[in-house]
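Chains as they are written, first to last, in the numbering used here: chain Z, 1 to 232; chain A, 233 to 1217.
Glycine included, C-beta positions come from ideal geometry on N, C-alpha and C.
Small disclaimer: the values here were computed from a predicted structure and weren't measured.
Some notes on the structure that comes next.
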Amino acid sequence: MKLGLVIDTDTCVGCHACVVACKQWNTSGTLGPLTDYQPYGKEPSGVAFNRVRTYEVDTYPNNKTINMPMSCMHCETADCVTVCPTGASFKRAEDGIVLVDQDKCMGCNLCAWACPYGARELDEAVGTMKKCTLCVDRIYDEQLPEAERQPACVITCPTSARTFGDLDDPDSQVSRLVRERNGYQSMPELGYNPVNHYLPPRHKPHAETTPGASLPSLTERFKSWLDKAVVR
Amino acid sequence: MKNKVLQMLFAPNGAAPSAEAAAAQELPSFEDHSAQEKRHTTCYMCACRCGIEVTVEDNQVRFIRGNPDHPINKGVLCAKGNAGIMKQMSPAKLRNPLMRKPGTERGEGEFVEVSWDEALEHLTERLREIRATDPKKLAFFTGRDQMQALTGLWAQQFGTINWAAHGGFCSVNMAAAGLYSIGQSFWEFGDPDWDRAKYFMLWGVAEDHASNPIKIGIEKLKRRGAKFVAVNPVRTGYQAVADEWVPIRPGTDGMLALAMCHVLLSRDLVDWDYLGRYTNAPFLVIDNPGQGDDGLIARDDEDQPLVFDAASGTFVDGMTPGVQAALFGEYTLPDGRRTRTVMSLIAEKYLDPQYAPEKAAEVCGLPAETIERLALEMAHVAFKESIEIECEWTDWAGRKHDRFIGRPVAMHAMRGISAHSNGFQTCRALHLLQVFLGTIDVPGGHRAKAPFPRHTPPPIKPARDTAPNTPLSAPPLGFPTSPEDLVVDDQGRPLRIDKAYSWEAPLANHGLMHMVITNAVNGDPYPIDTLILFMANMAWNSTMNTNSVQDMLRAKDDEGHYKLPFLVVVDAFHSETVNFADLVLPDTTYLERHDAISMLDRPISEPDSPCDSVRVPVLEPDRNVRPWQEVMVDLAGRLGFPAFVDEQGQPKYEGYTDFITRWEKAPGIGFLAGWRGENGDQHMRGAPNPNQWDRYKENGGFFQYHLPEHMRFYRFANRDYLEWAKEVGFNPSSKPIVMELYSEVLQKFRLAGQGLYDGPLPPESVDRERLAHYFDPLPQYYVPLEEQRVDAKRYPFHAINQRPMHMYHSWDSQNAWLRQITSQNYLFMNRARGERLGIEDKSWVWVESHNGRIRAQIKLMEGCQEDTVWTWNAIGKQSGAWGLSPDAPESKRGFLMNHLISELLPAADDERRLTNSDPVTGQAAWYDLQVSITPAEPEEAGSSWPHFDTVKPLPGAPTPPDQLRYQTHEAVPLRRSFLDIIKRR
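Quick look at the structure:
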């Protein structure tokens, strides 16, 4: 099983709902709390497993705005795991989720340097590395109704831009989306083989025009209407 | 549990039998669900009012998620809603009633804590005196409250006409234009048919109106392959995912819409049957220039509008079913007066070359071909891809139809349209375009939400007269239909403190909150005694001209008395305005109170289903705070308002929830429509149900009434719907709702401006000119008023603002999680334009308007129209306010554009200074601002300007923590075994 996310950049409006849902779930979750630094001060920041990056493509007036929510890609070739000197970082064999054992992490930052996606977050208050767990504490919680056994970022997404599932299963919704919508990996050339995929913007639907009935002049147009009556 | 974890961690790896089963066995139990409780209530992190499920653990919030059953958000939740925990944790929460410290000056921020008894006794005495002498000396204005039905009732019972909510500086142009034209509007009044539309045009919508409903809707459209066109000077937010972005010059949308109307007319692409049957297009307009009846609708002896019956060649009542009404032509009435049909006037006006795409291209800064193409694309969808829903329905005249015909072109518009001084007419232009395409309340089009549609306009007139100890005879706000309805005295002078319904703003249906402080301090039209502000940051981001308004709040007369004698601020947080209060009444947060989100108020209905909802407390307050609605019911009892006391003059209601349960507007109609009747078995109308709140709680906090299919479309003319709407109290009559393309109401005011109206006339020439120019009975485009008065060469940029999707006003820019996303606003401008001016990305600039100047930091971007600069509103804060540290970037580097915006138009040769508002509705013209941009000196870089003194902390305020480690229970960790480490290498 390869659990992961498929994120639709055709509908992502960059609203940050997923960012904050992730924060509120995970701060009381298995890696919690997610420390906030200077929450009311000069440089507010904090541990967040998911961040939205916004880019502009092309130039005015043909520019397009793309929102890219980014979190751990749960790579198949997870160098963040390989480089971990203590064995704290691991990729679960059964579902591919990359996790960090907080008791073994010494906060050396090697994994953060190894990760090209910026997915690793050092919690400076405790000196350990934290990261997206795919809400492992939700997705397997059988006391939650089945529909809720999904990552917090997925259930909250107002534009349904996030889909969670097994990328190993060709019949899963995530696999179908990747197939049908030309899903792609972020920076595949780096060779980490990310499990998460992105869907590109859909092609602009072809909009037809109706020419209507042009007349040589607007006076003619007026004349054409003179006898027009409607039933009230 | 622990043993199990250890055991499983040492289990050998390899091919797990079933991954899920293995995982389930292997993982610990992360949450102790038995220690948690899930409660349903309504979000209040913005104005959408989504349903939420709050998981509470030890009187703390574990998690807030969208309620999947809720009609508004269907389970999803935006960034704001997800940040509710940090709203609750805010160190800026008010904790106790406060009074300005004796001997200190207003605005110094010195307060003493007082008890509720002391605070309310003091306030009651003051209000009792005002009410017994001149009730309008109390002005009560509310911000983003969701209980205007209650605050309005309270003001009416008090007897003051000086009440309104924030609509006058938000979107009254949109609301008024819709209600005077089509009986509904955008936003809370109607929705695009997200499930059926094939073409969607979004006009001037910032990132928050609405939040989740639009996001859900846009995804549906895109999934179905509908085209999404965004008309907006800025490409952020929703515009990011638009299939086509139309970067329009601010304030010119009316021209664009009318040019599209020109294209449709010139190509004969108009839904004639729809226009002829459901609008006033065939009505006859008297053509009698220079006379008092010029431009009025010709009427019969019963005051019914006349049409020319092409079949009989006679003039007949235009509401006669089946009449063959001529749409075009000139007709002479039996009394000799000449008339023309409304449609003739429309065609003549918009076929004129001044509305041709080539002309609009110059005004809007868009290619003429684009304007024409967009119009023809919409026409294609409306007429070549129309949809039909087979369903028998009966029209107002009793005629049966076997289907609903749908024109699947939908639109939504918001503050980018309404916050200009030409916004009322712009919004009318959009509705004209919609009606040409036949898209109002049809499948695939723009559909009303109960209690809309209402009659054009709803038959409620604003109260005018006040008397001591006497409730108003009508609500303070209503819909004038002629100059007789204005709230002015015999000399034509304004009677309301905000000058709403005066000659300066005749259709000010939501009041002019942005003028209250200025007018009260100037004693114009008269001084007041007490101003109560609820949830409105009127000394900062919700006011124009912030710096001057702060000075006004401190201003004293020659005898040393404050010109605004007493300011009461009701809020849950330490805003900049709290700092100026004489009395502070601390409100609860949204998670700590009851609320009724009523159909008597701003509804949360969906097109297919009238809905209302409640808030219920999910947390116990840990401070000495009270919900304002409880305090209002308490005050109403103390002051003896007739609706709130019994025969003995004793308070009739135990509190807010009791009031909501038992109060009836009319027999059987109360605040909440669900589970009425003594046994809770009646909906929409029925006797009060003592257990109504419980029933709402059982149903997840909301009530949804599903309209039968035959009552879901064409409701303006749908007999069964209209009769039902009357029965449940939405409308006083079941007559059909005629869409007014031509507004006779506007024409009456225009006649008054021309000195021809047979009734009250404006005494001052400036009003006469404005009425004559801007009260065109047909939608028109004109250059926004500030732009007319300032030198375009000196101030070449349009300056506008919007809120980021993750923040709603100052409420959320204080939020510890949300300010990690944005804690400083920039001034955004078009990259190429900036580079031509030698302005570099991230450099600091001076931004100057006719009203003053500010210093701000620039960000260059592609997605910004070339003549436009813009910023995020309400990020900038006064140092020390909202529980933020004095060196927070919000106050040091962030800025308010408000300093540049005057509440008054630049002076001209008028008899008096005029409000910077739409001349029809008084809507605050926030987005008319014109500015210049010049680079700042190098030594000026690094901080914004102006600077303000640091607001002092309030008594008892906690010291904001340097670090937050929020969690509701200790984390249950996931551990990896050494064996596992070894085996996997």
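Compare the beta carbon distance of residue 591 (chain A) and residue 585 (chain A) with 8 Å and say whether it is the shorter of the two. Within the second sequence, residue 591 (chain A) is the residue found at index 359, counting from 1. Within the second sequence, residue 585 (chain A) is the residue found at index 353, counting from 1. Yes, these two residues count as a Cβ contact at 8 Å.
State yes or no: is the beta carbon of residue 1058 (chain A) nearer than 8 Å to at least one beta carbon in chain Z? Numbered from its first residue, the second sequence carries residue 1058 (chain A) at position 826. Answer no: the Cβ-Cβ gap between residue 1058 (chain A) and chain Z never drops below 8 Å.
Measuring CB to CB, does residue 379 (chain A) end up less than 8 Å from residue 924 (chain A)? Counting from one through the second sequence, the residue named residue 379 (chain A) turns up at place 147. Counting from one through the second sequence, the residue named residue 924 (chain A) turns up at place 692. The answer is no: Cβ separation not under 8 Å.
8 Å is my cut-off, CB to CB: does residue 444 (chain A) come that close to chain Z? Translated into positions along the second sequence, residue 444 (chain A) becomes position 212. It does: the Cβ of residue 444 (chain A) has a partner Cβ on chain Z nearer than 8 Å.
Quick one: which residues of the stretch 97–131 of chain Z get their C-beta closer than 7 Å to a C-beta of chain A? List them in chain order. From the stretch 97–131 of chain Z, only 99, 101, 102, 103, 104, 125 have a Cβ closer than 7 Å to chain A.
With a threshold of 8 Å between beta-carbons, can residue 1063 (chain A) be considered close to chain Z, or not? One-based indexing of the second sequence puts residue 1063 (chain A) at position 831. True, the Cβ-Cβ gap to chain Z drops below 8 Å.
Applying a beta-carbon distance threshold of less than 7 Å, which residues of chain Z neighbour residue 499 (chain A)? In the second sequence, residue 499 (chain A) corresponds to position 267, counting from 1. By Cβ distance, chain Z contributes 211, 212, 213, 214.
Counting only Cβ pairs nearer than 7 Å, list the residues of chain Z close to residue 459 (chain A). For the purposes of this step, residue 459 (chain A) is taken as the residue at position 227 of the second sequence. What residue 459 (chain A) touches in chain Z: 205, 207.
Test item: CB-CB of residue 1071 (chain A) and residue 1079 (chain A) under 8 Å: Locating residue 1071 (chain A) in the second sequence gives position 839, where the first residue counts as 1. Locating residue 1079 (chain A) in the second sequence gives position 847, where the first residue counts as 1. In this structure, the beta-carbon distance from residue 1071 (chain A) to residue 1079 (chain A) does not fall below 8 Å.
Reduced DSSP secondary structure (H/G/I, E/B, other) of residue 111 (chain Z): Within the first sequence, residue 111 (chain Z) is the residue found at index 111, counting from 1. Reduced to three states, the DSSP call for residue 111 (chain Z) is helix.
What are the complete beta strand (DSSP E) segments, minimum 3 residues, inside the stretch 465–520 of chain A? 476–478, 516–518
Using only alpha-carbon positions, find the residue among A:272, A:528, A:896 that is nearest to residue 1009 (chain A). Within the second sequence, the letter at position 777 stands for residue 1009 (chain A). If we check each option's Cα against that of residue 1009 (chain A), A:528 comes out closest.
Give me whichever residues DSSP pairs with residue 15 (chain Z) in a beta bridge. Position 15 of the first sequence, counted from the start, is the residue given in the question as residue 15 (chain Z). Partner(s): none; residue 15 (chain Z) has no beta bridge.
Using the C-alpha atoms, what's the distance from residue 327 (chain A) back to residue 829 (chain A)? Along the second sequence, read from residue 1 onward, the residue named residue 829 (chain A) stands at position 597. Along the second sequence, read from residue 1 onward, the residue named residue 327 (chain A) stands at position 95. Taking the CA atoms as reference points, residue 829 (chain A) sits about 26 Å from residue 327 (chain A).
Residue 865 (chain A) in three-state terms, based on DSSP: Numbered from 1 along the second sequence, position 633 holds the residue referred to as residue 865 (chain A). Here residue 865 (chain A) sits in helix by DSSP.
Beta-carbon within less than 6 Å of residue 1151 (chain A)'s beta-carbon, same chain only, minus the 5 sequence neighbours each way: which residues are those? What you label residue 1151 (chain A) is simply residue 919 of the second sequence in a count that begins at 1. Result list for residue 1151 (chain A): 1002, 1006, in chain order.
Any C-beta of chain A under 8 Å from that of residue 28 (chain Z): In the first sequence, the residue the question calls residue 28 (chain Z) occupies position 28. At least one beta carbon of chain A lies nearer than 8 Å to the beta carbon of residue 28 (chain Z).
Can you pull the chain Z neighbours of residue 1037 (chain A), defined as C-beta to C-beta under 8 Å? Your numbering for residue 1037 (chain A) matches position 805 in the second sequence. The contacting residues are 13, 14, 15, 16.
Bridge-paired residues (DSSP) for residue 408 (chain A): Position 176 of the second sequence, counted from the first residue, corresponds to residue 408 (chain A). Partner(s): none; residue 408 (chain A) has no beta bridge.
Bridge-paired residues (DSSP) for residue 212 (chain A): As displayed, chain A neither begins before 233 nor continues past 1217, which places residue 212 (chain A) out of reach and without an answer.
With a cut-off of 8 Å on the beta carbons, I'd call residue 1159 (chain A) and residue 743 (chain A) a contact; round off their distance for me. Locating residue 1159 (chain A) in the second sequence gives position 927, counting from the first residue. Locating residue 743 (chain A) in the second sequence gives position 511, counting from the first residue. With a Cβ gap of about 19 Å, residue 1159 (chain A) and residue 743 (chain A) do not count as contacting.
Please name the residues in the stretch 54–69 of chain Z whose beta-carbon is closer than 9 Å to at least one beta-carbon of chain D, in chain order. Given the protein chain composition of this structure (Z and A), no chain D is represented.
Could you check what DSSP says for residue 438 (chain A) in three-state terms: helix, strand or coil? Numbered from its first residue, the second sequence carries residue 438 (chain A) at position 206. Residue 438 (chain A) falls in the coil class under three-state DSSP.
What residue ranges within the stretch 1043–1102 of chain A form continuous beta strand (DSSP E) runs of no fewer than 3 residues, ordered along the chain? 1059–1062, 1076–1081, 1084–1093
For a test of the three-state rule: what should DSSP assign to residue 551 (chain A), helix, strand or coil? Mapped onto the second sequence, residue 551 (chain A) falls at position 319. Residue state, collapsed to three classes: coil.
Interfacial residues, the stretch 33–54 of chain Z to chain A, with Cβ spacing under 9 Å: 33, 34, 35, 36, 37, 38, 39, 40, 41, 42, 43, 44, 45, 46, 48, 51, 52, 54
Rounded straight-line distance, which links the Cα of residue 462 (chain A) to that of residue 557 (chain A): Mapped onto the second sequence, residue 557 (chain A) falls at position 325. Mapped onto the second sequence, residue 462 (chain A) falls at position 230. Those two C-alpha atoms are separated by around 37 Å.
Those residues which DSSP pairs with residue 817 (chain A) across a bridge: Numbered from its first residue, the second sequence carries residue 817 (chain A) at position 585. In the DSSP output, where bridge partners are listed per residue, residue 817 (chain A) has A:802.
Would you call the CB atoms of residue 199 (chain Z) and residue 13 (chain Z) closer than 8 Å? Taking the first residue of the first sequence as position 1, residue 199 (chain Z) is located at position 199. Taking the first residue of the first sequence as position 1, residue 13 (chain Z) is located at position 13. Contact: no.
Pull up the distance between the alpha-carbon of residue 1165 (chain A) and that of residue 317 (chain A), whole angstroms please. For the purposes of this step, residue 1165 (chain A) is taken as the residue at position 933 of the second sequence. For the purposes of this step, residue 317 (chain A) is taken as the residue at position 85 of the second sequence. Each residue's alpha carbon lies about 40 Å from the other.
Closest residue to residue 489 (chain A) among A:621, A:658, A:333, A:468 (Cα-Cα distance): For the purposes of this step, residue 489 (chain A) is identified with residue 257 of the second sequence, where counting begins at 1. Considering only alpha carbons, the answer is A:658.
Neighbour flag for residue 177 (chain Z) against chain A, beta carbons, 8 Å: Locating residue 177 (chain Z) in the first sequence gives position 177, where the first residue counts as 1. Taking Cβ atoms only, chain A never reaches closer than 8 Å to residue 177 (chain Z), which makes this a no.
For residue 616 (chain A), go through chain Z and note every residue whose CB falls closer than 8 Å to its CB, in chain order. As a working mapping, residue 616 (chain A) is identified with position 384 in the second sequence. In chain order: 208, 210.
Compare the Cα-Cα distances from residue 522 (chain A) to each of A:984, A:1147, A:1111 and report the closest residue. In the second sequence, residue 522 (chain A) corresponds to position 290, counting from 1. Of all alpha-carbon atoms in A:984, A:1147, A:1111, the one lying nearest the alpha-carbon of residue 522 (chain A) is that of A:984.
Going by the DSSP bridge assignment, what does residue 1104 (chain A) pair with across the sheet? Position 872 of the second sequence, counted from the start, is the residue given in the question as residue 1104 (chain A). Residue 1104 (chain A) is bridged to A:1034.
For residue 583 (chain A), which residues in chain Z fall below 8 Å Cβ to Cβ? By 1-based counting over the second sequence, the position of residue 583 (chain A) is 351. Under the 8 Å cutoff, chain Z gives 218, 221, 222.
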